[in-house]
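As structure tokens, the structure follows; a few thoughts come after it.
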Amino acid sequence: MNGWTLTATVALGAGVGATVWGVATGPLRRRVVAQNLSSALACPGLLLLAQGYGRPAYIDLALVLALLGPVGTLVFARLLADDLAEDPPHAWGVTFAVAGYGAVVVLVLCAVTGPGRAMVKLLVIGALLIGGNLVASRALSGGFARSRRG
Amino acid sequence: MDAQTALRGALEVLLWWAGLTVLWLVLISTVDTLEWVVGASAALVGALAARAARRAVGGR
Amino acid sequence: MDDPLIVVVLLLVAATATAAVAVRDPVRQALVLSVLGVALALLFTVAQAPDVGLSQLAVGSALTPLLVMLSVRKVRRRQGDGKGRAP
Amino acid sequence: MTRRARLIVLALGGAGLAALLIAACFDLPRFGGPWHPYGDRAVHASLARRTANTIASVNFDQRAFDTVGEMSILFASVLGTVVLLRQTRDEKRALPQPEEVALPVRRYALVVLPVAFVAGLYVIAHGQLSPGGGFQGGVVAATALHLLYLGADYRALERIRPVGLYEICDALAACAYVVTGLAGVLAGTAFLANTLLPYGTFNTLSSGGIVPVLNAAIGMEVACAVVVLLARFLDQAVEIEEESGKP
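Take a look at the structure:
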């Protein structure tokens with residue numbers, strides 16, 4: 000067990016643990032935010048694990064999660080638009096905090112990796128993750144004006 | 000479709016193709032000729048999908 | 000070697016899976032299910048099975064929620080007029 | 000048989016199964032141990048065929064026949080969905096309504112769609128080198144297309160998704176897998192034997208003999224199958240209504 004996996008243990012236990020609590024209890028608006036944050040918290044955890052195990056190939060998992068995690072949230076934002084319109088979520092503070100955590104993890108890993116294509120790959124994953132989660136948050140708080148049938 | 004539209008469409012596909020080929024080269028670990036060929040073909044399919052998607056959304 | 004990490008992620012999976020069973024409304028269940036997918040992917044990663052983790056991520060993060068939510072929408076549309084819910 | 004007798008039989012059977020499972024547990028290799036009888040042999044065989052990812056070697060070389068079964072299960076289940084969710088005689092199709100989507104969400108969908116699609120192709124193509132493979136990459140690529148439904152509306156998705164074409168591609172990819180297997184028989188070895196192609200250089204795109212070919216076939220099969228599956232669900236959820244005007 001090294002520093003990377005130790006950080007991942009703490010971050011995953013506290014972060015994803017909190018989102019599990021958030022998604023299992025409370026009103027719908029809190030649950031969708033927790034679902035969005037679960038992928039935003041797990042993806043940096045996967046990057047830390049890839050670094051901790053010394054296996055660059057594991058980064059592909061973080062790539063797929065950064066791409067599809069926000070898509071999953073868009074599914075809920077799109078198909079629950081009517082329910083969320085009555086009671087829209089407002090959780091920008093915690094969303095930006097989690098996005099900042101992802102940015103810090105990506106930047107630290109970039110500094111460790113050093114310049115090269117591997118660093119660009121990390122930056123691409125970071126951009127997809129943070130951009131995706133912010134857009135998904137936007138979609139949750141009124142991204143779909145009206146949802147009749149389409 | 001007039002000449003200008005066709006030109007703009009071709010330019011759009013070309014830009015996406017270049018961008019997605021660079022993305023492919025970033026994702027892979029070791030670069031060789033076959034990687035270039037496969038990456039460029041995949042990027043071309045992606046670029047055509049990007050243009051088709053934009054037209055499907057815009058052309059309404 | 001990485002036992003604390005495996006224990007933490009196992010507890011996460013156990014808690015999420017229990018929540019997925021305990022929650023009764025299909026919509027909220029789909030939300031828990033999507034978090035369960037992420038937790039399972041983490042478990043497979045710490046158990047050094049990234050291929051399985053990648054399958055879990057690919058299926059669990061977007062595809063399963065989409066299938067469940069589309070089914071929910073179909074059912075709601077059928078009940079729509081009777082219950083006064085937006086179609 | 001009374002309820003009580005059934006419960007006794009169930010308890011006896013359950014107790015027997017539990018005893019056997021507990022006995023088997025004591026003979027298992029230790030958790031996380033460095034040695035495993037099957038794992039060592041699988042890694043050895045995979046390295047002999049110059050496949051960097053042992054899982055891909057197990058799926059598409061050592062146990063390629065199992066993958067035929069898995070592929071048929073997916074194919075058959077999608078076929079079942081197509082039959083079950085068809086438009087019945089008392090149903091009609093309503094034109095899907097356009098959706099007003101916030102601009103950042105729409106732009107995100109249009110940018111991420113090709114990126115996710117290419118990432119899916121990358122996962123398919125590098126199945127024998129890094130974690131991933133036909134199934135994972137196929138699902139990612141198919142999900143990417145549906146960003147057009149999430150970021151715009153169903154009409155936009157229908158424009159770039161001719162379902163009939165995807166159904167044909169699904170069948171063709173499934174055939175390609177079996178034909179690759181039969182080619183082994185014609186070459187004088189066995190069904191799906193990895194002897195047709197040169198093994199190539201370790202850790203390159205062309206290594207592993209027929210593993211990349213089968214990987215690509217599975218990737219195409221899964222991507223098309225997921226698109227067809229979701230098309231049926233979307234049709235039911237968005238378009239198909241009962242004839243009486245009631246949705």
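Residue numbers (numbering that gives the first Met the number 0), protein chains in the order written: chain H, 0 to 149; chain G, 0 to 59; chain D, 0 to 86; chain B, 0 to 246. Cβ coordinates follow ideal geometry from the N, Cα and C atoms, glycine included.
Judged by their CB atoms, Val56(G) and Arg106(B) are not nearer to each other than the 8 Å cut-off. Taking a 10 Å sphere around the C-beta of Cys223(B), we find 16 or more other C-beta atoms and assign the residue as buried.
Taking the beta carbon of Gly8(G) as reference, no residue of chain B falls within 9 Å; the closest one sits roughly 15 Å away. Around the beta carbon of Gly92(H), fewer than 16 other beta carbons sit within 10 angstroms, so the residue counts as exposed. The Cβ-Cβ distance between Leu67(H) and Val139(B) falls below 8 Å.
Contact with chain G is absent for Arg28(H), since none of that chain's Cβ atoms lies less than 8 Å from the residue's Cβ.
By the 16-neighbour rule on beta-carbons within 10 angstroms, His145(B) is buried. Annotation for Arg29(B): no alpha helix (DSSP H) segment contains it, and DSSP assigns it neither H nor E. Each of Val51(D), Val31(D) and Asp24(D) was checked against the Cα of Ala23(H), and the nearest Cα belongs to Val31(D).
Residues of chain G with a Cβ closer than 7 Å to the Cβ of Val225(B) do not exist; the shortest Cβ-Cβ separation is about 15 Å.
Going by C-alpha positions, Leu19(G) is about 22 Å away from Val134(H). Per DSSP, Ile239(B) is one residue of the beta strand (DSSP E) stretching across Ile239 to Glu241.
A straight line joining the alpha-carbon of His43(B) with that of Thr53(B) spans about 9 Å.
In the DSSP annotation of this structure, the continuous segment of the beta strand (DSSP E) that includes Arg92(B) starts and ends at Glu90 to Arg92. The Cβ neighbour count for Thr94(H), taken over all protein chains shown within 10 Å, is at least 16; the residue is labelled buried.
For Val58(D), there is no enclosing alpha helix (DSSP H), as DSSP gives it neither H nor E. With contacts defined as CB atoms closer than 8 Å, Val8(B) and Tyr176(B) fail to qualify as a contacting pair.
For Arg50(G) against Trp15(G), the beta-carbon gap comes to about 7 Å, under 8 Å, which counts as contact. Here the alpha carbons of Asp26(B) and Ala143(B) stand approximately 45 Å from one another.
With respect to the 8 Å criterion, Asp82(H) and Leu36(H) are not classified as neighbours on the basis of their beta carbons.
Taking C-beta atoms as the reference points, Ala56(H) and Pro161(B) fail to come closer than 8 Å.
Going by beta carbons, Leu229(B) and Leu65(D) fall inside the 8 Å limit.
Take Val22(D), set aside five residues on each side of it, and the residues of its chain with a beta-carbon closer than 6 Å to its own are Gln28 and Val31, in chain order. A Cβ-Cβ contact shorter than 8 Å links Ile209(B) with Thr179(B).
Within its own chain, the residues whose Cβ lies closer than 7 Å to the Cβ of Gly150(B), once the five positions on either side in sequence are excluded, are Val100, Val104, Arg105, Tyr107, Ala108 and Leu109, listed in chain order. Proximity of the stretch 188 to 200 of chain B to the stretch 58 to 75 of chain B meets the contact definition, three or more beta-carbon pairs being nearer than 8 Å. Take Arg48(B), set aside five residues on each side of it, and the residues of its chain with a beta-carbon closer than 7 Å to its own are Ser56, Asp60, Asn193, Tyr198, Gly207 and Gly208, in chain order. Thr203(B) belongs to the set of residues whose beta carbon lies under 8 Å from a beta carbon in chain G. Closest in alpha carbon position to Leu46(H), among Arg29(H), Gly14(H), Arg137(H) and Val105(H), is Val105(H).
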